[in-house]
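In my numbering, the protein residues as written are 22 to 243.
Cβ atoms here follow ideal geometry from the backbone N, Cα and C, with glycine treated the same way.
From a predicted model like this one, the values you see are computed outputs, not experimental measurements.
Notes to accompany the following structure.
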């Protein structure tokens with residue numbers, strides 16, 4: 022599956038020129054991101070929750086697998102498993118300051134994934150999914166950690182969402198002003214943005230040096 026083929030639910034309506042058809046672009050966005058938002062219908066009201074995630078492009082679900090996790094006591098869990106959910110992801114790349122308030126914008130990459138999640142019960146898949154979620158934050162970290170306890174595993178639910186039904190939009194570049202606004206001489210431009218690390222802060226009760234995986238992650242975000 023090399024292209025994004027949106028269904029009617031994920032077809033871009035406005036500003037279709039910003040739609041991205043290349044599924045590899047979605048994969049790059051997922052690799053860059055750290056926080057997704059899960060939208061769930063809770064009966065009388067919707068709920069949108071920020072969440073960590075992990076990705077298996079070769080996972081068992083159609084289009085690859087997006088893994089999410091939560092507490093077994095979470096109120097949204099039953100609702101999420103009862104029907105479709107929506108997961109969104111946005112990376113902000115710049116603030117676009119135009120010559121009118123109407124034309125101010127942002128440079129961004131965003132994705133919408135809709136599907137029916139399944140609860141992951143297979144022990145091997147659950148363990149792999151939890152490792153992927155950890156490694157999304159700090160690549161290679163999961164392999165350095167102790168084994169999860171039975172109590173920890175029992176308290177954690179893992180959901181798997183197919184990535185087949187997805188769409189993506191992005192904007193790049195400068196302001197798109199009216200000719201008369203340009204002629205008026207008001208300044209316009211872009212404030213580029215990127216995520217950076219402020220370094221590593223070692224816990225006071227740590228007994229070892231900063232490990233290579235953490236150091237590499239901080240340097241990559243430096």
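> For residue 69, which of helix, strand or coil comes out of DSSP?
Replying inline: As a position in the chain shown, residue 69 is number 48, starting the count at 1. Looking at residue 69 - three-state DSSP - the assignment turns out to be strand.
> Rounded to a whole number of angstroms, what is the C-alpha to C-alpha distance between residue 193 and residue 89?
Replying inline: Locating residue 193 in the chain shown gives position 172, where the first residue counts as 1. Locating residue 89 in the chain shown gives position 68, where the first residue counts as 1. Rounded to the nearest whole angstrom, the C-alpha separation of residue 193 and residue 89 is 29 Å.
>> For residue 223, count the other beta carbons within 10 Å of its own beta carbon; 16 or more makes it buried, fewer makes it exposed. Which is it?
In response: By 1-based counting over the chain shown, the position of residue 223 is 202. Exposed, since its Cβ has fewer than 16 Cβ neighbours within 10 Å.
> Going by Cα to Cα distance, which pick from 167, 59 and 166 is closest to residue 74?
Replying inline: Mapped onto the chain shown, residue 74 falls at position 53. Among 167, 59 and 166, the Cα nearest to that of residue 74 is on 59.
> Using the C-alpha atoms, what's the distance from residue 131 back to residue 44?
Replying inline: Working through the chain shown from its first residue, we reach residue 44 at position 23. Working through the chain shown from its first residue, we reach residue 131 at position 110. C-alpha separation (whole angstroms): 13 Å.
>> According to DSSP, is residue 238 part of a helix, a strand, or is it coil?
In response: Locating residue 238 in the chain shown gives position 217, where the first residue counts as 1. Under the three-state reduction of DSSP output, residue 238 falls in the helix class.
> From residue 145 to residue 179, what distance separates their C-alpha atoms?
Replying inline: Locating residue 145 in the chain shown gives position 124, where the first residue counts as 1. Locating residue 179 in the chain shown gives position 158, where the first residue counts as 1. Computed Cα separation, rounded: 12 Å.
>> Suppose you measure from the CA of residue 227 to the CA of residue 167; what does that come to, to the nearest Å?
In response: By one-based count along the chain shown, residue 227 stands at place 206. By one-based count along the chain shown, residue 167 stands at place 146. Roughly 15 Å separates the two Cα atoms.
> Roughly how many angstroms lie between the CA atoms of residue 184 and residue 123, to the nearest whole one?
Replying inline: The sequence position of residue 184 within the chain shown is 163, counting from 1. The sequence position of residue 123 within the chain shown is 102, counting from 1. Each residue's alpha carbon lies about 34 Å from the other.
> If we count the other Cβ atoms within 10 Å of its Cβ and call it buried at 16 or more, is residue 186 buried or exposed?
Replying inline: Position 165 of the chain shown, counting from 1, holds the residue named residue 186. Under a 10 Å Cβ-count criterion, residue 186 is classified as buried, with 16 or more other Cβ atoms of the shown protein chains found around its own Cβ.
> In whole angstroms, what is the alpha-carbon distance linking residue 138 and residue 95?
Replying inline: The sequence position of residue 138 within the chain shown is 117, counting from 1. The sequence position of residue 95 within the chain shown is 74, counting from 1. In a straight line, the C-alpha of residue 138 is about 15 Å away from that of residue 95.
> Considering only residues of the same chain and omitting the five flanking positions on each side of residue 157, which have a CB-CB separation below 6 Å?
Replying inline: Walking along the chain shown from the start, residue 157 turns up at place 136. The beta carbon of residue 157 sits closer than 6 Å to the beta carbons of 75 from its chain, once the five residues preceding and following it are set aside; these are given in chain order.
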